[in-house]
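Chemist: One structure follows; several queries about it will come next.
Residue numbers (this note's numbering), protein chains in the order written: chain A, 1 to 368; chain B, 1001 to 1368.
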């Protein structure tokens, strides 16, 4: 939750002095932005997008973003299964990259470990490789750093952190930012695979700390162990995104639904808002979290993807093609709403958790 | 020390079960290599080089590498000065990138913090920006992740980890690997700025743990506090490297002297060895470390750069141009040795710490 995707602008500072953090972030991005002119890396976008783009000349752009999997690694450690966390790491990056219209090309990983544990590293690599294959990228390099005085985990000696960087290509005249979104456009949501890689800190608090469940507890509403449910790897949306980008759809924006939940929609670079009046029923994990944690529906829709991992904003005529593209990758998709003329506002009609209407601005939902 | 630059092949596993780690590393790289065909990211080099290169078509290559600053962050934390650690982070990456002949273009950083501390983040950003300016790259994105259960440091709440990824461009027919190195070529060393970002774990052990010095201790041989000496930011060699690459020198290889010390020379992709018969007197920190830590000269030359941060392997006729290129950036450089016909072997004549001759293979020096 408390990650700051700087290439993403959002700063979900749960537990952090927000004003101070926001000021620091502004100072930090101001300073970093001063590196843009003068160097060889001619930056095309501002901070705040899912990824940035470098002008390589001749109309060609190099897209780049970096992200980690956060405290989901602690779930992997508790379960003792490291085979899929690498998929999450690739997914968190390539799913961001496609949101600027780029085709992901290659990936490098950074693994910081408390101690080098060969079996664990092999499993992490397996997940990275599977993720890369799903995304159609190579893993061209990486770093394993053993940092016993800096990394800790759920058990002594078992800690690790996992992050990566994805690079892709995009024609400069085909960068996607959502600038073309207009009221009346449709919002299509593509299914997630559970909570993906955001909100794990809150989920750990609810299930493990507050409720005292073990990681192997089988909760009836989940039909499987908590650990396996929370470990479900993040869906990778590259193939369907490239399919959409290749067709002549009126595709305005792609939005990876990460730490700010449906407020990720407000990252479209147009003065619009969103009405979500047809969200699908959320997977059981979200109702379980909300009920066992006493988390209000508004907060749930701010922290979690609620079953929708990627949104496409598209002219009405493109809705079926988007749903088809997802279906060809075995994923359900739904027309979940419409672009409105209320800038920065996300309205949810009859949210599927409680049935209430919600209206949100500035990353905060309230009941209507 | 115990970092594994996978794009670098080396695996300096101090304190790690080496055989097991090596086997895991082989399995890991085998698995990751299987992502190379079939995707969009057409990989040009194998693992083991300083960076990898992706074929972008039309003869253009994208170079990429990722690295962190390791436990040098703990020195920054102990001193309470975070203004230069970002320079190290940029340096560790761009200095690798130039070693494949690439011009660094852009950089993204990954900061994992135990707690978001705005003042600390601003100082880290300052260093990143200064490093980027020295390297002529933009900082186009980044991630700050608050991971209180995964990151720790020298003091409760103050921990952080810092890594990054650099991307550059290189013409495919101008990739530098050292494949052209031949016996008789010269080795030119360019000065380092102290211990840079490798061997800090050992340095902390010697000075802080074993000897019990405080970080503010002023050691007479250093003429300044231990903390400031160990924090000296890594030199960035981009400008002189680009200068060398631009000229029609017989430049065979550039070698960033990192965790394996002078065994980094053996990363040239040619069946050659090295005779270093004119190493410069090392900066005082290295003698201090060797003497106070009782570290043999061979180990010192394996772990540390000994005052030489970058080596250029160049035809004899190019020696002066390399020294000139360094001088224009205000750095001393010396003709330190010669390429030999002993594959994988590094000989040091009259090493400047003890005067002994050393001969090394497989990352281990022994007195002759």
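Just so you know, even glycine gets a beta-carbon here, dropped at the ideal spot from N, CA and C.
Secondary structure at residue 67(A), three-state DSSP: helix, strand or coil?
Modeler: Within the first chain, numbered from 1, the residue matching residue 67(A) stands at position 67. It is a strand residue.
Chemist: How about residue 273(A): is its Cβ closer than 7 Å to a heavy atom in the ligand FMN?
Modeler: As presented, the structure is devoid of all ligands, the ligand FMN included, so that no description of it is given.
Chemist: Can you give me, in chain order, the residues of the stretch 1137-1150 of chain B that have a beta carbon less than 9 Å from any beta carbon in chain A?
Modeler: So the close ones are 1137, 1138, 1139, 1140, 1141, 1142, 1143, 1144, 1145, 1146, 1147, 1148, 1149, 1150.
Chemist: Taking residue 1288(B) as part of the alpha helix (DSSP H), name the residues at either end of that continuous run.
Modeler: Here residue 1288(B) refers to the residue found at position 288 when the second chain is read from its first residue. Taken as a continuous stretch (DSSP letters only), the alpha helix (DSSP H) holding residue 1288(B) covers 1284-1293.
Chemist: If residue 261(A) and residue 305(A) are in contact, beta carbons under 8 Å, what's the gap, nearest whole angstrom?
Modeler: Reading the first chain from its first residue, position 261 is the one you call residue 261(A). Reading the first chain from its first residue, position 305 is the one you call residue 305(A). That pair is a contact at about 6 Å.
Chemist: Judging by CA-CA distance, which residue of 1124(B), 1051(B), 1355(B) is the nearest neighbour of residue 997(B)?
Modeler: This structure gives no information on residue 997(B), because the portion of chain B shown stretches from 1001 to 1368.
Chemist: Which same chain residues end up closer than 6 Å to residue 368(A) when comparing Cβ atoms and leaving out the 5 residues on each side of it in sequence?
Modeler: In the first chain, counting from the first residue as 1, residue 368(A) sits at position 368. Only 357, 359 meet the Cβ criterion.
Chemist: Is the Cβ of residue 1116(B) closer than 8 Å to any Cβ of chain A?
Modeler: Residue 1116(B) sits at position 116 when you count from the first residue of the second chain. Cβ-Cβ to chain A under 8 Å: yes for residue 1116(B).
Chemist: Please confirm whether residue 1304(B) has its beta-carbon closer than 8 Å to some beta-carbon of chain A.
Modeler: Translated into the one-based positions of the second chain, residue 1304(B) becomes position 304. Not an interface residue.
Chemist: Given a cut-off of 8 Å on the beta-carbon distance, is the pair residue 159(A) and residue 152(A) in contact?
Modeler: Within the first chain, residue 159(A) is the residue found at index 159, counting from 1. Within the first chain, residue 152(A) is the residue found at index 152, counting from 1. A contact, by the Cβ cut-off of 8 Å.
Chemist: Starting from the Cα of residue 1203(B), find the closest Cα among 1075(B), 1053(B), 1345(B), 1344(B) and give me that residue.
Modeler: Your numbering for residue 1203(B) matches position 203 in the second chain. Of the listed residues, the one whose Cα sits closest to residue 1203(B) is 1075(B).
Chemist: Check each residue of the stretch 315-332 of chain A: if its Cβ is closer than 8 Å to any Cβ of chain B, include it; give the result in chain order.
Modeler: If the cut-off is 8 Å between Cβ atoms, the stretch 315-332 of chain A has nothing near chain B.
Chemist: Taking residue 114(A) as the reference, which of 258(A), 155(A), 324(A) has the closest Cα?
Modeler: Working through the first chain from its first residue, we reach residue 114(A) at position 114. Of the candidates 258(A), 155(A), 324(A), the one whose C-alpha sits nearest the C-alpha of residue 114(A) is 155(A).
Chemist: Could you give the uninterrupted runs of the alpha helix (DSSP H) lying entirely in the stretch 290-361 of chain A, keeping only those of 4 residues or more?
Modeler: Listed in chain order, the complete alpha helix (DSSP H) runs (minimum 4 residues) inside the stretch 290-361 of chain A are 297-303, 319-328.
Chemist: Nearest by alpha-carbon distance to residue 1317(B): which of 1301(B), 1186(B), 1082(B) is it?
Modeler: Residue mapping note: residue 1317(B) aligns to position 317 of the second chain, counting from 1. When each option's Cα is compared against that of residue 1317(B), the closest is 1186(B).
Chemist: Could you name the residues that DSSP lists as bridge partners for residue 169(A)?
Modeler: Taking the first chain and counting its residues from 1, one reaches residue 169(A) at position 169. DSSP output for residue 169(A) lists 62(A), 103(A) as bridge partner(s).
Chemist: Between 47(A), 170(A), 334(A), which lies nearest to residue 278(A) when the distance is taken from Cα to Cα?
Modeler: Counting from one through the first chain, the residue named residue 278(A) turns up at place 278. If we check each option's Cα against that of residue 278(A), 334(A) comes out closest.
Chemist: According to DSSP, what are the bridge partners of residue 138(A)?
Modeler: Numbered from its first residue, the first chain carries residue 138(A) at position 138. Looking at the DSSP assignment, residue 138(A) forms a beta bridge with 106(A).
Chemist: Could you check whether the Cβ of residue 1110(B) sits closer than 8 Å to any Cβ belonging to chain A?
Modeler: Here residue 1110(B) refers to the residue found at position 110 when the second chain is read from its first residue. So yes, residue 1110(B) belongs to the interface.
Chemist: Along chain A, which residues have their Cβ under 8 Å away from the Cβ of residue 1311(B)?
Modeler: Along the second chain, one-based indexing puts residue 1311(B) at 311. Simply none; closest approach about 21 Å.
Chemist: What residue does the beta strand (DSSP E) around residue 275(A) start on, and which one ends it?
Modeler: On the first chain, position 275 is the one that residue 275(A) refers to. Here the beta strand (DSSP E) through residue 275(A) covers 273-276.
Chemist: I'd like to check one pair, residue 87(A) with residue 394(A): are the Cβ atoms closer than 8 Å?
Modeler: Nothing about residue 394(A) can be read from this structure; chain A reaches only from 1 to 368.
Chemist: From residue 1015(B) to residue 1365(B), what does the alpha carbon distance come to, in whole angstroms?
Modeler: The sequence position of residue 1015(B) within the second chain is 15, counting from 1. The sequence position of residue 1365(B) within the second chain is 365, counting from 1. Because residue 1015(B) sits at a pLDDT of 39, beneath the cut-off of 50, its placement in the model cannot be relied upon, and the following sentence gives the value as read from the coordinates. Distance between the alpha carbons of residue 1015(B) and residue 1365(B): 18 Å.
Chemist: Kindly list the residues whose CB is nearer than 8 Å to the CB of residue 284(A), restricted to its own chain and excluding five residues on each side of it in sequence; keep chain order.
Modeler: The sequence position of residue 284(A) within the first chain is 284, counting from 1. For residue 284(A), where only same-chain residues beyond five positions count, the Cβ hits under 8 Å are 221, 222, 223.
Chemist: Which same chain residues end up closer than 7 Å to residue 339(A) when comparing Cβ atoms and leaving out the 5 residues on each side of it in sequence?
Modeler: Your numbering for residue 339(A) matches position 339 in the first chain. Same-chain partners within the cutoff: 181, 182, 183, 184, 185, 187, 272, 274, 313.
Chemist: Using a beta-carbon distance below 8 Å, is residue 1133(B) in contact with chain A?
Modeler: The residue labelled residue 1133(B) in the question sits at position 133 within the second chain. It does: the Cβ of residue 1133(B) has a partner Cβ on chain A nearer than 8 Å.
Chemist: Note down, in chain order, each residue of its chain lying with its Cβ closer than 6 Å to the Cβ of residue 1243(B), except the 5 sequence neighbours on either side.
Modeler: Within the second chain, numbered from 1, the residue matching residue 1243(B) stands at position 243. Closer than 6 Å at the Cβ level, and outside the excluded window around residue 1243(B), lie 1325.
Chemist: In whole angstroms, what separates the C-alpha of residue 1213(B) from that of residue 1219(B)?
Modeler: Stepping through the second chain from its first residue, residue 1213(B) is reached at position 213. Stepping through the second chain from its first residue, residue 1219(B) is reached at position 219. If I take the Cα positions, the gap works out to 9 Å.
Chemist: Residue 1025(B): which of 321(A), 119(A), 257(A), 347(A) sits nearest, CA to CA?
Modeler: The residue you call residue 1025(B) lines up with position 25 of the second chain. Comparing Cα positions, the closest option is 119(A).
Chemist: Kindly indicate if chain B contains any beta-carbon less than 8 Å away from that of residue 152(A).
Modeler: In the first chain, residue 152(A) corresponds to position 152, counting from 1. Chain B contact via Cβ: present.
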